[in-house]
Structures are given as C-alpha cells and as structure tokens.
C-alpha cells in the first residue's frame, strides 16, 4: 500500500498480513466493517474530515508517519528489498530472443482493413 507519493506503508502479498500489520500498529479493523475501507481511511487524506469528526483519533498524517516508520523497521521490508535485489540480478539475456516488436506496417494495414470491412458489412446503413 502506498500511503503518499514517496511512502510505502505496507508491502506484501499475503491476505492476512496487512490486517495484522495495521492492527499491531494501533489500527485494528472494527468488526462488521469492510477491511479495505478501513485501511484506506487510515492512509488516505481524503477521509480527514470524517476522522476529525471522531474525537481522540489521530490525523491521517500522523497515521502515515506511524505506519511508514513501522514498516521501514519491519522484517517484511527487508524481505521485499531482498526479493527485489534477487529479481534485479536475474539474467534476462535468455529472454532477448523472445522479445516481440510492434506489428509491421503491412500487418497493421491488413488488420485495420479487415476490421473496417467487418464493420461495414455489419452496418450497411451507416456507410
């Protein structure tokens, strides 16, 4: 999840992890509430007016700071960085021969002519 343009408040793929992460940092999902809505309200500044109506809650800016600092010091952050480093070092030379360029000029003309012909045939009154 990206909290604000330069920040990441959570990075992971498993279903339960973001909810556990947010709950361990003081943002548990209330019962009978959509978890995705809850997570968005925690990190989206568009909901600040809703949050200000509730007394005793922190602002979105404070919530983002808490979540970002917690994520930066988490083990999951290190795991993500390690995975990115491994993937960055992979040899991609074997995939070079599989690269496909864009369709050539003649192929584009044939496809567009075929589409146009089919459309004209389907709707003769239009043309």
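Numbering (the working numbering), first residue to last: 262 to 388. Every residue gets a Cβ at the ideal spot worked out from N, C-alpha and C, and that includes glycine. Note that the structure is a prediction, hence the values are computed from the model and not measured.
Within its chain, find whatever has a CB closer than 7 Å to the CB of residue 296; leave out the 5 residues flanking it on each side and keep chain order. 280 and 290
Which of the three DSSP states, helix, strand or coil, is assigned to residue 295? DSSP places residue 295 in coil when its eight states are reduced to three.
Looking at C-beta atoms only, is the number of pairs between the region 321 to 338 and the region 296 to 308 that lie closer than 8 Å three or more? yes
Run the CB neighbour count on residue 284, radius 10 Å, all protein chains shown included, and call it buried at 16 or more, exposed below. Residue burial is scored here from C-beta neighbours: residue 284 has fewer than 16 other C-beta atoms within 10 angstroms and is therefore classed as exposed.
For residue 370, which residues of its own chain have a beta-carbon under 6 Å away from its beta-carbon, when the five flanking residues on both sides are left out? none
Alpha-carbon spacing of residue 375 relative to residue 342, whole angstroms: 48 Å
If you follow the alpha helix (DSSP H) that residue 332 is in, where does it begin and where does it stop? Segment 321 to 333, the alpha helix (DSSP H) holding residue 332.
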